[in-house]
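The sequence shown finishes on residue 752 if you use our numbering, and the numbering steps up by one all the way, no holes. By construction, the Cβ of each residue, glycine as well, lies at the ideal position given by its N, Cα and C atoms.
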Amino acid sequence: MTFRPTQRGALAAAIATALSAPAFAQESTQDSNQDSTQAVPVTASPVLDRISIVGGSAAIRDVAGSAHVLDHETLETIPGNDPMKVLREVPGVYVTEEEGHGLFPNISIRGANQDRNSRITVMEDGVMIAPAPYAAPAAYYFPNIARMDSVEVRKGSSSIEYGPYTIGGALNMTSTPIPGEAQGRVRVSAGERDGRRLHAWYGDSEETFGYLLETYQDTTDGFRDLDTPQRGTDQPGYEIQNYLGKFRLNSPASAERYQELELKLARDDKTIDETYLGLTREDYEATPYRRYAGSAIDEMNTKHTQYQLRHFIEVNPDLDVTTTLYRNEFHRNWYKLASVDGNGISGILADPDAYAGEMSWITGANSDDLRGTIKANNREYVSQGIESRANWHVTTGDIDHHLKFGLRYHEDEIDRFQWQDEYDMVDGSLVLTDRGALGDAGNRVTEAKTIAAFVQDRMDFGRLAVTPGLRYESISIDRTRYADADRSTISRNDESADYNVLIPGLGATFDVNENWQLLGGIYKGFAPTGVGEADEEEAINWEAGVRYQNGAFQSELIGFLNDYENLVGQCTASTGGGCDIGDTFDGGEAQVRGLEALALYDLAAGRDWAVNLPLRVAYTWTDTEFQNSFDSDYGAWGDVNQGDELPNTPEHQLSVSAGVVGERFGVHATANYVGETRAVAGSGSIPADEKVDARTIFDLSANYRLTKHAKLFAEVENLTDETYVAAIRPAGFRVGKPRTVMVGAQFDF
């Protein structure tokens, strides 16, 4: 296919229609009755296909494995700004809440370790977005989902093209593209607890130039009530400021070889008044939205800066190459309560009777003998590299080959420079008594240098397509510890890890007829575990299933087995337990198996009705098992017996979404069920202090179009005001978000 630059008018409209075509994905025709003249970020750029990990909804039948796309229209029907609400629409994806807002999602694909998304490959516009994906993948940064144009998930088959974390799968978010003509949007809303959001963008394209300017702003006072406010509010919340610019130069339509050069710049600042400190079970049952006085000044400040320079060239109609130079910088300092009288808050909340004095201090009681330690978890991250990917279509005899090649050099680092301060509790307020020395609570740098390469060939024999592939990862990780604040003295520099790994895979699809397709694959799973005593994480991943499409009805049923040769846990502050941050633990052999089901249908299809009635159902059944016994200091495992279930993986998940969409209005309701979940490995009935109860949450969104360029909307999260546990670890029970109503307006021009 020959690519040519955007032309204003008919071409842009044609591409918009093509991109919104139904396929085996989460896209739907739910808004087909609504006014088609509303502004959407249309672009004809071929780079969109190259930053996608699926290739668009129409390409899903070409993927030899499970793949899903949530398009822009679908994302707009999901209330709020919580990525976990979005990802619950995808079978086989598990999310564990942390603070209730969705700011710190913990995402797992097919049972991989959820902790801060550390066992999946997370990308924005096809580029790894974790602050230090090799040196420190479990880090507190996640892009703002509310500014994304689409969300893609691939499992199994993603292991060849996207690494280094190939056991679970890959998650890619595509940002607002440069529009094909002059377009813009302003979306504003306000609601409970002084919640306010603004999302605005404007862009344009000429024959050889295009640009986009965008901002996303979000603030709220939060929903938990402090015993003793010390920051001017008794309901600590957050503030987000996000700015983005894209600038594209491209060759004219008459060029022999079409080329693009796109620069992307982004800045994301957050101030989040959040804490690890939860509640005892007794206090949670009495006042679930309470927040103890000991966490009154806990606060995280983050700054994320993103640079990308991407070049695309169409060498000939069958070969194109995309090269991306990228750098991400991230700084965060989470100043939060860590311990009282030397005892960590995880242990105190786990056994408040044994730590009665410390618990009294946490709840605001005066104490002459006890002091609380608030730790400044101050860290800087850098992630940078260059990646080149080629797509080549060639025919040999009767076989069509769709070849993909990739080569990436990448380096990243995490710099920990932390301190801790001592506080007295006086009449329910924290009073500073001793300011700690810089670097005394962590003074080390971990660096990673890596080379990754892959080759994959989808061989099309007609109804049968076979896709073999091979990935190579060469990884070197080094850690240096310093003895003083100015880093003139090294205390230890002999901690390192090196990996040289080949990751093969094979997938296939078979078109039984125009409606039915069979699929299957087997892939090696791998995850580097950094500097530590544990071996690398390895597994063999199997999947097999069927897709079906007939008119407005689409469905798929896929079974999977992740057979771990070695499961690895890594100690972080969020896992709790008696381990040192960064320690790794071998869990040996384990299995995660399950079944994923998805169905989409328009109940009004084929009927001469004035509305569409889109329906979407996603279900996941999962069974997990350790296959050996061992004792571990890793808090989420503890003492494990053969046959114990893995933590944080519910057996049942179900999401049902239904809508009524007319020419000028739309109403969408979602019910999400998550079965009871154990926070610590075990079997049989779950102890009360380790159980996250089953819950069903209902969300609702509605919109009404006033004119071609303006509409009103309303969103309700947790419609029934269900009180539920968001998280138990690392330090007590934390409640999920209560019912939250937002109303607003959107203007397109």
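Nearest-angstrom Cβ-Cβ length linking Asp197 and Thr223, presumed shorter than 8 Å:
At roughly 6 Å, the Cβ-Cβ gap stays under 8 Å, so Asp197 and Thr223 are in contact.
Just to confirm, are Val72 and Ser60 a CB contact at a threshold of 8 Å?
Inclusion of Val72 and Ser60 in the CB contact set at 8 Å is warranted, their separation being smaller than that value.
Where does Phe588 land, buried or exposed, given buried means 16+ other C-beta within 10 angstroms?
Classified as buried, Phe588 has 16 or more neighbouring CB atoms from the shown chains inside 10 Å of its CB.
Touching by the beta-carbon criterion (3+ pairs, under 8 Å), the region 605-618 and the region 102-119
By the Cβ rule, the region 605-618 does not count as touching the region 102-119, because fewer than three pairs are nearer than 8 Å.
Measure how close the beta-carbons of Gly445 and Arg419 come, nearest whole angstrom, since I'm counting them as under 8 Å.
Contact between Gly445 and Arg419 holds: their C-beta atoms lie close to 4 Å from each other, under 8 Å.
At least 3 beta-carbon pairs within less than 8 Å: the region 318-337 vs the region 381-391:
In the pairwise beta carbon analysis, the region 318-337 is classified as touching the region 381-391: at least three pairs are separated by under 8 Å.
Determine the direct distance from the alpha carbon of His396 to that of His405, and round the result to whole angstroms.
Spanning the two alpha carbons is a distance of roughly 5 Å.
Return yes when the Cβ of Leu649 is within less than 8 Å of the Cβ of Phe629, no when it is not.
For Phe629 and Leu649, yes; Cβs fall inside 8 Å.
Here's the rule: buried if 16 or more other CB atoms are within 10 angstroms of the residue's CB, otherwise exposed. What is Glu209?
Burial is judged here by how many other beta carbons sit within 10 angstroms of a residue's own beta carbon; Glu209 has fewer than 16 and is exposed.
If you scan the region 644-714 from start to end, which runs of the beta strand (DSSP E) of 3 or more residues do you find wholly inside it?
Complete beta strand (DSSP E) runs here, min 3: 655-664, 668-677 and 698-710.
Within a Cβ cutoff of 6 Å, which residues of the same chain sit near Ala24, ignoring the five residues on either side of it in sequence?
Only weak support exists for where Ala24 lies, its pLDDT of 35 falling under 50; the value from the coordinates is given anyway. Close CB contacts of Ala24 within its chain, under the 6 Å cut and outside five residues either way in sequence, are with Ala61 (chain order).
Terminal residues of the continuous alpha helix (DSSP H) containing Ser363?
Unbroken alpha helix (DSSP H) run through Ser363: Ala359 to Ile365.
Alpha-carbon to alpha-carbon, Gly472 and Gly510:
In a straight line, the C-alpha of Gly510 is about 9 Å away from that of Gly472.
Assuming contact is defined by CB atoms lying nearer than 8 Å, are Ala379 and Asn336 in contact in what I supplied?
Result yes, Cβ atoms of Ala379 and Asn336 sit closer than 8 Å.
Going by DSSP, what residues sit across from His314 in a beta bridge?
The partner list for His314 (beta bridge, DSSP) reads Leu264 and Thr326.
Given Glu425 as reference, the closest of Val659, Pro136, Pro355 and Tyr338 once Cα atoms are compared:
Distance check between Glu425 and each of Val659, Pro136, Pro355 and Tyr338 places Tyr338 closest, using alpha-carbon atoms only.
To the nearest angstrom, how far is the alpha carbon of Leu435 from that of Pro291?
Roughly 28 Å separates the two Cα atoms.
Would you mind stating whether Leu266 and Leu215 have Cβ atoms separated by less than 8 Å?
Not a contact, by the Cβ cut-off of 8 Å.
Alpha carbon of Glu100 to alpha carbon of Asn516, nearest angstrom
Rounded to whole angstroms, Glu100 and Asn516 show a C-alpha spacing of 42 Å.
For Met87, the residue or residues it bridges with in DSSP:
For Met87, which the question treats as bridged, DSSP gives no partner whatsoever.
What three-state label does DSSP hand His334 in the structure shown?
His334 falls in the strand class under three-state DSSP.
Could you have a look at Thr376 and say whether DSSP puts it in helix, strand or coil?
Thr376 carries a strand assignment under DSSP once its states are collapsed to helix, strand and coil.
Is Gly590 helix, strand or coil when you go by DSSP?
Note: Gly590 maps to strand in three-state DSSP.
Span of the beta strand (DSSP E) around Ser178
Per DSSP, Ser178 belongs to the beta strand (DSSP E) from Gly172 to Ser178.
Is the region 447-458 touching the region 406-415, taking contact as three or more C-beta pairs under 8 Å?
They touch, by the three-pair rule.
Just the Cα atoms here: how many angstroms apart are Asp221 and Pro134?
Cα to Cα, the separation comes out at about 22 Å.
Between the region 171-179 and the region 119-136, can you find at least three pairs of beta-carbon atoms closer than 8 Å?
The way I'd put it, the region 119-136 does touch the region 171-179; three or more beta-carbon pairs between them come closer than 8 Å.
Check whether Ile243 and Lys273 have beta carbons under 8 Å apart
Between Ile243 and Lys273, the C-beta spacing is below 8 Å.
Thinking just about the alpha-carbon of each residue, which of Pro136, Asp128, Gly129 and Leu441 is nearest to the one in Arg119?
For Arg119, the nearest C-alpha among the options comes from Pro136.
Mind checking which residues open and close the beta strand (DSSP E) that includes Asp566?
Taken as a continuous stretch (DSSP letters only), the beta strand (DSSP E) holding Asp566 covers Phe556 to Gln573.
In the DSSP assignment, find the alpha helix (DSSP H) that holds Tyr526 and state where it starts and stops.
First-last for Tyr526: Trp519 to Ala530, but that is the beta strand (DSSP E), not the alpha helix (DSSP H).
With H, G and I counted as helix, E and B as strand and the rest as coil, what does DSSP make of Glu390?
Taken through DSSP and simplified to helix, strand or coil, Glu390 comes out as strand.
Ile148 by DSSP, collapsed to three states: which one?
If DSSP states are grouped into helix, strand and coil, Ile148 belongs with the helices.
Taking only the alpha-carbon atoms, compute the straight-line gap between Ile478 and Gly159 and give it to the nearest angstrom.
Counting only the Cα atoms, Gly159 lies some 22 Å from Ile478.
Do the CB positions of Glu720 and Thr699 come within less than 8 Å of each other?
Contact: no.
Excluding the 5 residues preceding and the 5 following Thr40 in the sequence, name in chain order all residues of the same chain whose CB lies nearer than 6 Å to its CB.
With a pLDDT of 41 at Thr40, under the threshold of 50, the predicted position of this residue should be treated as unreliable, though the coordinate-derived value follows. Contacts found: Lys711.
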